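Chains X and B, in that order, give the protein sequences.
First residue of the first sequence: 1, per our numbering; consecutive thereafter.
First residue of the second sequence: 1, per our numbering; consecutive thereafter.
Note that beta-carbon positions come from the ideal geometry of N, C-alpha and C, so glycine has one too.
Small disclaimer: the values here were computed from a predicted structure and weren't measured.
Read the structure below first, then the notes.
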Amino acid sequence: MKRIAAALLLSCFAASAGTAPPADGTAQGSRTATRAAPAAAPAPPPQLPLDAAPGATPPAPAPGETDVQDALPPPSSAAQDLYSSARGDLLQIRMLLKNGRTQSTVGSGFLVGDGNLVVTNYHVVSQMALDPDVYTAEFVDTDGNSGPVELMAVDVLHDLAVVRVNRTGSGFFKVPEQPLRLKQGQRLYSLGNPLDLGFAISEGAYNGVVTRSFYDQLMFGGPINSGMSGGPSVTDNGTVAGVNVSKRRDGESVSFLVPVRYAQELLRRVAEQPDPPQDFNPLIAEQLLVHQRAMVDRLLEDPLSIKSMGPYLVPVRESGQLRCWGSSNVKAATAYTSDSMSCAMESAIYVSSQQQTGHVSMTHQYIRSDNLHPLPFSALAGRLFGSGRLANSANERMSKPVCTEGFVHTRTLPLRAVTCVRAYRKFEGLYNFTLLTASTDAAESSLQSRLDVSGVSYENGMRVTRAYLGSFGRIVKRQQAPAAAAATTTAAGGKR
Amino acid sequence: MSAPWTIEMLARNGEVLHRHRAGALPIRIGRAYDNDVILDDEYAAPHHAVIEPGLDPDGTPVLRDLGTRNGVVLKRKRVQQVAMHGDAVVRLGHTSLRLRPSDYPVPSELRDRTMHGWEGLLPGAVGVLLAGLVALLVTWLLDAQPFQLLNYVLAPAAGIGVGLLWSGLWAFLNRLFGRYTRLGRHLFIFGCGMAALVGFRLLAALLAYAFSWEWLTRYGSHAAVATIAGIIYFHLATITPPLRRRLRMLCAGAAVLASCLVLIVNQQRHGRVADELYMDVLLPPQLRASPDATVADYMGTVEAMRKELDGEREEEQK
């Protein structure tokens with residue numbers, strides 16, 4: 001159970017092969033996710049090798065590489081009909097390096113109605129949006145014709161983008177004016193170009209709205225593979241229900257769609273704007289700022305809940321988006337015991353293959369020892385508190401960390417606190433905050449905590465830090481404590 | 001200038017390799033067995049040169065080339081004859097030599113600062129003991145596993161082993177360039193050096209934790225560099241005591257260079273010249289001396305970082 005949920009990662013499956021090795025492509029996300037439950041962090045399941053290597057770069061995998069489990073189920077006759085009428089409006093979107101015009105990532109997209117606008121995922125076109133002087137894009141249709149692509153608008157938060165091409169659709173894919181009503185179990189057909197192998201259709205059932213991610217997504221019970229990102233998922237009459245976006249790496253045919261209403265909003269925005277924006281970086285920064293405002297407001301709408309770990313009181317937040325996991329080393333061959341708890345958001349905003357943001361995680365580790373002398377114990381606590389935990393300082397999208405450190409006394413607990421902040425180089429006004437604390441009240445036990453908030457404004461970073469730091473405490477021993485304990489035991493006994 | 005005369009053969013660094021006493025002039029020099037001074041040098045002629053009484057008033061002897069292939073060289077110049085006052089060094093083939101009269105003035109003796117009681121076994125034993133104890137202390141501090149006797153036997157053994165190896169190397173150099181091995185002295189220097197390294201680290205941690213002096217650990221590597229330079233200086237000074245002043249300059253220079261290197265590496269690694277982003281020392285609460293800040297004060301310092309961050313970002317944009 002823990003294992004399943006620990007792999008919280010929704011793998012983005014635009015084939016992000018060219019730019020970064022696949023492990024890197026999702027590393028940021030898996031790091032944030034695995035932080036939630038480090039002990040249970042599973043390796044990518046071996047039966048899904050194609051996701052682990054989402055690369056569409058090798059055009060034809062060697063015979064041994066193709067896995068039977070990835071073969072799509074044979075389409076029904078409805079799917080055959082649907083595909084034959086949809087194929088004219090289905091496109092593959094390729095990111096190309098301007099130098100040499102080699103593809104770096106590929107994804108899918110679809111022509112909306114009979115216009116020249118194409119809806120796809122933001123993560124398919126992210127390179128073009130962030131570095132337009134390095135990357136360009138082209139589309140390829142089902143007959144192999146290609147043409148240029150012009151980026152019109154992006155919606156980073158819902159992972160959508162609209163591009164313009166020099167041809168018009170046949171009107172098959174209908175984006176409804178009103179939000180679509182779907183019934184659980186209703187059949188949906190997902191189209192796209194999986195793994196750059198060729199255009200494909202796969203069918204599955206609509207399984208309701210998932211609220212675990214920050215923004216609603218539809219759960220789709222069919223296979224979606226890398227390269228199908230940005231493709232449409234339609235009902236049997238061609239009405240678009242959602243846009244393919246991701247799947248669970250540890251699941252079987254558990255995939256996610258962006259609800260069509262966000263695509264409607266984005267198309268409406270495109271209709272209003274006269275020209276496509278020149279530089280998307282400020283727009284993305286603006287959207288991320290909107291996201292962090294909502295995220296921090298939702299995080300702090302109630303005071304953080306307080307849990308006890310040994311004698312300490314620690315702040316956590318458990319909600320639909322933030323899940324908590326615990327682990328312990330009780331039986332390990334060490335001279336100390338360690339309990340840890342970590343809460344993390346299950347989703348993050350994809351900005352680029354190296355950068356995911358809009359994420360919160362908090363961890364607590366409580367270590368204690370009965371037989372270690374205070375000095376070796378402090379040395380151990382110091383090592384756990386050590387700066388190895390802020391590694392990965394080389395990141396070209398982030399500035400170098402600036403830290404402040406101090407000995408802080410909350411109402412009942414003295415702490416050593418370290419805050420390190422990094423600024424986003426491309427997005428003005430966004431920062432990553434990390435707070436590390438270690439209790440300094442006892443020689444034989446130590447509470448070490450960490451808070452990571454990524455992609456927030458400075459004020460909101462401070463707000464979260466202050467709320468988190470201020471909530472630490474220690475259970476104050478009272479004189480009448482034994483009597484109270486006795487009372488609770490009798491109460492419990494009475495219940496029995 | 002008076003007899004008897006002393007011919008000194010010199011090594012390239014000016015050290016005397018051989019001395020030969022000659023009662024009277026002339027002195028014949030060469031490889032053949034009928035010479036007064038026989039040279040073991042295949043670049044010297046069988047009859048290479050002769051030193052005769054000079055003609056000038058103070059009677060400085062003159063060395064004359066006997067028509068050889070390689071000749072007589074004084075200050076890199078081939079000469080036919082040389083006035084051999086006490087400090088003139090001539091080269092015959094590969095042999096450098098000078099001639100000194102018996103009344104050549106020598107400087108008075110150096111003051112002996114060597115503690116002769118602290119040579120040999122006693123300082124050696126202290127050094128070994130210190131190295132073992134330091135290794136034991138470090139092992140104990142870093143041990144977070146259930147007690148295992150083996151660790152506490154292996155650690156001092158390793159410490160002493162490293163000490164013997166290190167000091168053995170220095171003793172070897174000492175024998176090579178000085179006269180004695182002085183192993184005991186080198187062991188003592190190693191033991192004290194290790195104790196100073198670890199001691200300073202612990203003291204810095206203690207003071208930094210007690211008084212919130214984070215800079216002490218942040219730049220602790222420079223103290224370590226200085227300590228290591230000190231250790232090397234004492235080893236070198238044991239080998240060649242007369243060069244103390246020069247060695248001191250040399251080691252100080254090397255330490256400054258190493259410190260600069262540390263700063264550069266730190267800047268490359270995490271963009272700061274400090275060794276670490278923050279101090280990770282945690283100690284028992286009894287060792288805290290200065291008062292803690294309030295959460296509000298702390299958040300004030302967090303707020304203050306913003307200027308630095310934004311400044312750096314703007315600089316990069318330019």
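Asked, Found
"Within-9 Å CB hit, X:Arg-397 to chain B", "no"
"Under 7 Å from the C-beta of B:Val-281: neighbouring residues of chain X", "Gly-382"
"Chain X contact for B:Asp-112 (CB, 9 Å cutoff)", "no"
"Short CB-CB distance (under 9 Å) between X:Lys-400 and chain B", "yes"
"Minimum Cβ-Cβ distance from B:Phe-200 to chain X less than 9 Å", "no"
"Which of helix, strand or coil DSSP assigns to X:Gly-349", "The amino acid at residue 349 of chain X is misidentified as Gly; the sequence shows Ile. Reduced to three states, the DSSP call for X:Ile-349 is strand."
"Between the CA atoms of X:Leu-111 and X:Val-497 - distance to the nearest angstrom", "In this structure chain X extends from 1 to 496, so residue 497 of chain X is not present and cannot be described."
"Alpha carbon of B:Ala-33 to alpha carbon of B:His-20, nearest angstrom", "Before going on, a small fix: residue 33 of chain B reads as Tyr here, not Ala. Looking at the two C-alpha atoms, the distance is approximately 15 Å."
"Sequence-distant residues of the same chain with beta carbon closer than 8 Å to X:Asp-370, five excluded per side", "Glu-444"
"Separation of B:Ala-205 from X:Glu-459, as counted between CA atoms", "34 Å"
"is_contact[X:Phe-385, chain B] using C-beta, thresh 9 Å", "yes"
"X:Leu-191 beta carbon less than 9 Å from that of X:Glu-138", "no"
"Segment contact, 8 Å Cβ cut-off, at least three pairs: the segment 390-409 of chain X with the segment 288-299 of chain B", "yes"
"Members of the segment 149-161 of chain B near chain X, C-beta cut-off 7 Å", "none"
"Range covered by the beta strand (DSSP E) that runs through X:Gln-103", "103-111"
"Cut-off 7 Å between Cβ atoms - residues of its own chain near B:Leu-207, not counting five sequence neighbours on either side", "Trp-213 and Leu-216"
"Residue-chain proximity (X:Pro-311, chain B), Cβ-Cβ < 9 Å", "no"
"6 Å Cβ shell around X:Tyr-366 - same chain, five flanking residues per side excluded", "Met-309, Gly-310, Asp-339 and Leu-447"
"Span separating the alpha-carbon of B:Thr-327 from that of B:Pro-146", "Coverage of chain B is limited to positions 1 through 318, which leaves residue 327 of chain B absent and any answer about it impossible."
"Option nearest X:His-497 by Cα separation, candidates X:Val-243, X:Pro-274, X:Ala-333 and X:Val-351", "With chain X running from 1 to 496 in the structure shown, residue 497 of chain X is simply not present."
"Chain-order list of residues whose beta-carbon lies under 6 Å from that of X:Ser-449 (same chain, five-residue window excluded)", "His-364 and Thr-437"
"Member of B:Asp-112, B:Gly-168 and B:Gly-132 whose CA lies at the smallest distance from the CA of B:Val-153", "B:Gly-132"
"For X:Gly-88, the nearest candidate out of X:Leu-182, X:Met-228, X:Gly-109 and X:Gln-321 (CA to CA)", "X:Gly-109"
"Per-residue burial, X:Thr-168 [other beta carbons within 10 Å of its own, 16 or more giving buried]", "exposed"
"Entirely enclosed beta strand (DSSP E) segments - the segment 225-269 of chain B, minimum 3 residues", "none"
"Residue interval of the beta strand (DSSP E) (run including X:Ser-328)", "322-328"
"CA-to-CA distance, X:Ser-226 to X:Asp-67, given in whole angstroms", "With a pLDDT of only 41 at X:Asp-67, under the threshold of 50, the placement of this residue in the model should not be trusted; the figure read from the coordinates follows. Taking the straight line joining both Cα atoms gives about 15 Å."
"Residue environment, X:Asn-237, which counts as buried when at least 16 other CB atoms sit within 10 Å", "exposed"
"Spatial neighbours of B:Val-89 in its chain, beta-carbon cut-off 6 Å, leaving aside the 5 residues before and after", "Ser-96 and Arg-98"
"Where the segment 431-465 of chain X meets chain B: residues whose CB sits under 8 Å from a CB there", "Tyr-431, Leu-436, Ala-438, Thr-440, Asp-441, Ala-442, Ala-443, Ser-446, Tyr-458, Met-462 and Thr-465"
"Neighbour flag for X:Ala-20 against chain B, beta carbons, 9 Å", "For X:Ala-20, the predicted model reports a pLDDT of 36, less than 50, meaning its position is unreliable; a value from the coordinates is still stated below. Chain B contact via Cβ: absent."
"Burial state of B:Gly-59 (16 or more Cβ within 10 Å)", "exposed"
"Under 9 Å between C-beta atoms of B:Thr-238 and B:Ile-160", "no"
"Chain-ordered residues of the segment 407-426 of chain X with a beta carbon less than 7 Å from chain B", "Phe-407, Val-408, His-409, Thr-410, Pro-414, Arg-416, Ala-417, Val-418, Thr-419, Cys-420, Val-421, Ala-423 and Arg-425"
"Where X:Ala-335 meets chain B, residues with beta-carbon distance less than 9 Å", "Asp-143, Ala-144, Gln-145, Pro-146 and Phe-147"
"Integer-rounded CB distance, given that B:Met-84 should sit under 8 Å from B:Leu-63", "5 Å"
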